[in-house]
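Engineer: Mind having a look at this structure? Questions to follow.
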Amino acid sequence: MKKALIFLLTAAISLSLGIIPASAVAFPYLVYGDVDYNCRVEINDATLLQKYLAGTAELYYNQLLMSDYDHNGKITIADVTGIQKEIAGARPEGCGGFADTYVDYHDFYAELDSGAATKGREVTFVAVVGDGTTCEFFVNDELVQARSENNKLNYVFEEAGDYRVSLKAYNKDGVYHSADIFYQVVESIPDDVVRVSYSHFDESNTGLSFNVKAEGGSGEYTYSFKITQEFADFYGEGFPASDIEVYKKIGESKDNDWEFTYDERGLACLYIDYSENSSLYIDKDLFDWDINSLGDYPLELTITAKDSNGKVSKPKVVELMRGLICG
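Residues 1219 to 1545 in this note's numbering are what the sequence shown spells out, letter by letter.
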């Protein structure tokens, strides 16, 4: 039986030069030999690279990437010579050209919410990236996991406090996208507070599997799931009017576990009521009823857990991008 829908966040390309914020978008392309980073290869680039090799000029990260004109992984006088030859109209074979600026990055999240981790507990941070993308992790700007194909960081915070956990996701040409999580670690959490966390993994681009875990309270948990429009209050009914009939059909279908209803705010939503099932598979085909009516606005998946005494966790909200679900 199909169970439901999926996410994936739009890939972002942020090229950090070192003198601009990592989240800012630099030039839409990078040119090997463009040492001064102005989208042109000219004599100033050869001169600047000579100064760098002589120790009289400083280059930032992307400038160093573009200085490797002959693509041999080293920056030498041969790169200066190659740039000079290109300026003269005789580019050496296999040198120069454009760098790939696309980084196959989708999301960076902690499996346990900020404020829900106690000191001494291991927390897993996950970078959702494509094949061939390598990852590097930092805590408060200190490198804690070197660049590799491992997209997960398992980290123990020894002290309570506020931390910044950072990711650099690199493509094959060394261009990276960076992302930060501001994360709070507490001394302790009362035993009667119910907390819910999740992990997810891609299912061959057909959907997404969520594994949900609850802690605290009296145990014997049940779980509920709800999908609504991210800007539900703006639309007044939870979804744009053009989508209401589509979602009603989904709720009426016998080939999924979702039900269509209006929540306590009167906003349209799909939901799965509390059950012992702690896993959820969201199939993109669930939303193929009428692709043209769905638009590109994100959806929100809300996950809650309830213990045997009826105590409910703080909702865990996950953004779902419909354009990628249906695309």
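Cβ atoms here follow ideal geometry from the backbone N, Cα and C, with glycine treated the same way.
(1) Relative to the C-alpha of V1344, which candidate in N1358, E1367, G1307, T1336 has its C-alpha closest?
(2) Return the chain-ordered ranges of every alpha helix (DSSP H) run that is complete within the segment 1254-1328 and spans a minimum of 4 residues.
(3) Which residues does DSSP pair with A1523 in a beta bridge?
(4) Select from L1330, A1275, E1311, T1479 the residue whose C-alpha is nearest the C-alpha of V1533.
(5) Flag this pair as yes or no: are the beta carbons of F1355 and V1346 separated by less than 9 Å?
(6) How many whole angstroms separate the CB atoms of L1485 and F1478, which I take to be in contact at a CB cut-off of 8 Å?
(7) L1282 and L1248 look like a contact to me (Cβ under 8 Å); what is the Cβ gap, rounded to whole Å?
(8) Give me the Cβ distance between V1414 and I1500, rounded to the nearest whole Å; I'm assuming they're in contact under 8 Å.
(9) Quick check: the segment 1272-1281 against the segment 1300-1314, are at least 3 beta-carbon pairs closer than 8 Å?
(10) Only counting runs of 3 or more residues, tell me where the beta strand (DSSP E) segments fall wholly within the segment 1366-1416, in order along the chain.
(11) Determine the closest residue to P1408 out of Y1250, D1263, L1538, S1531, with distance taken between C-alpha atoms.
(12) What whole-angstrom Cβ distance do Y1323 and T1294 have, given they're in contact under 8 Å?
(13) Using 10 angstroms around the beta-carbon of N1510, count the other beta-carbons present and answer buried if the total reaches 16, otherwise exposed.
(14) Please identify the residue among E1433, V1464, V1536 whose C-alpha is closest to the C-alpha of S1526.
(15) To the nearest angstrom, how far is it from the Cα of L1519 to the Cα of K1431?
(16) For I1468, which beta-bridge partners are listed by DSSP?
(17) For Q1268, which residues in the same chain have their Cβ closer than 6 Å to its Cβ, ignoring the five residues on either side in sequence?
(18) On the DSSP letters alone, give me the boundaries of the beta strand (DSSP E) that D1491 sits inside.
(19) Rounding to the nearest angstrom, what Cα-Cα distance links Y1465 and G1315 in this structure?
(20) According to DSSP, is E1477 part of a helix, a strand, or is it coil?
(21) Assign E1556 to one of three DSSP states: helix, strand, or coil.
(22) Which residues in the same chain as G1194 place their Cβ atom closer than 7 Å to its Cβ, once the five residues preceding and following it in sequence are excluded?
(23) How many angstroms separate the CA atom of G1291 from the CA atom of D1359?
(24) Which whole-angstrom value is the C-beta distance of L1517 and T1446, which I expect to be below 8 Å?
(25) Consult DSSP for K1502 and reduce its assignment to one of helix, strand or coil.
Structural biologist: On the basis of the supplied data:
(1) As a position in the sequence shown, residue 1344 is number 126, starting the count at 1. Of the candidates N1358, E1367, G1307, T1336, the one whose C-alpha sits nearest the C-alpha of V1344 is E1367.
(2) For the segment 1254-1328, the full-length alpha helix (DSSP H) segments reaching 4 residues or more read 1261-1271, 1279-1285, 1295-1305 along the chain.
(3) Counted from its first residue, the sequence shown places residue 1523 at position 305. DSSP output for A1523 lists Y1441 as bridge partner(s).
(4) Within the sequence shown, the letter at position 315 stands for residue 1533. It should be noted that the sequence gives Pro, not Val, for residue 1533. Residue L1330 is the option with its Cα nearest to P1533.
(5) Sequence index remark: in the sequence shown, residue 1355 carries index 137 (1-based). Sequence index remark: in the sequence shown, residue 1346 carries index 128 (1-based). With a cutoff of 9 Å on beta-carbon distance, F1355 and V1346 are scored as not near each other.
(6) Taking the sequence shown and counting its residues from 1, the one referred to as residue 1485 is at position 267. Taking the sequence shown and counting its residues from 1, the one referred to as residue 1478 is at position 260. Taking C-beta atoms under 8 Å as the contact rule, L1485 and F1478 fail to qualify, at a distance of about 12 Å.
(7) The sequence position of residue 1282 within the sequence shown is 64, counting from 1. The sequence position of residue 1248 within the sequence shown is 30, counting from 1. At roughly 11 Å, the Cβ-Cβ gap does not stay under 8 Å, so L1282 and L1248 are not in contact.
(8) Taking the sequence shown and counting its residues from 1, the one referred to as residue 1414 is at position 196. Taking the sequence shown and counting its residues from 1, the one referred to as residue 1500 is at position 282. The beta carbons of V1414 and I1500 sit about 17 Å from each other, so the pair does not count as a contact at 8 Å.
(9) Verdict: no, contact absent.
(10) Counting only runs of 3 or more, we get 1370-1374, 1379-1388, 1394-1404.
(11) Position 190 of the sequence shown, counted from the start, is the residue given in the question as residue 1408. That would be S1531, whose Cα lies nearest to the Cα of P1408.
(12) Position 105 of the sequence shown holds residue 1323. Position 76 of the sequence shown holds residue 1294. 31 Å between Cβ atoms; not a contact.
(13) As a working mapping, residue 1510 is identified with position 292 in the sequence shown. Note on N1510: pLDDT 41, under 50, position unreliable in the model; the coordinate value appears next. N1510 sits exposed, since fewer than 16 C-beta atoms from the chains shown fall within 10 Å of its C-beta.
(14) The residue given as residue 1526 occupies position 308 in the sequence shown. Of E1433, V1464, V1536, the residue nearest in Cα terms is E1433.
(15) Within the sequence shown, numbered from 1, the residue matching residue 1519 stands at position 301. Within the sequence shown, numbered from 1, the residue matching residue 1431 stands at position 213. Distance between L1519 and K1431, taken at the CA atoms: about 16 Å.
(16) Here residue 1468 is taken as the residue at index 250 of the sequence shown, counted from 1. In DSSP, I1468 forms no bridge with anything.
(17) One-based indexing of the sequence shown puts residue 1268 at position 50. Excluding sequence neighbours, Q1268 sits near V1298.
(18) Along the sequence shown, read from residue 1 onward, the residue named residue 1491 stands at position 273. Per DSSP, the unbroken beta strand (DSSP E) holding D1491 starts and ends at 1486-1493.
(19) Residue mapping note: residue 1465 aligns to position 247 of the sequence shown, counting from 1. Residue mapping note: residue 1315 aligns to position 97 of the sequence shown, counting from 1. For Y1465 and G1315, the distance between alpha carbons rounds to 49 Å.
(20) Locating residue 1477 in the sequence shown gives position 259, counting from the first residue. Correct three-state label for E1477: strand.
(21) Lying outside 1219 to 1545, the shown extent of the chain, residue 1556 is not represented and no answer is given.
(22) As displayed, the chain neither begins before 1219 nor continues past 1545, which places residue 1194 out of reach and without an answer.
(23) Here residue 1291 is taken as the residue at index 73 of the sequence shown, counted from 1. Here residue 1359 is taken as the residue at index 141 of the sequence shown, counted from 1. Linking G1291 to D1359 through their CA atoms gives a straight-line distance of about 25 Å.
(24) On the sequence shown, position 299 is the one that residue 1517 refers to. On the sequence shown, position 228 is the one that residue 1446 refers to. Between T1446 and L1517 the Cβ distance is about 7 Å, and since that is below 8 Å, they are a contact.
(25) Against the sequence shown, residue 1502 aligns to sequence position 284. Helix.
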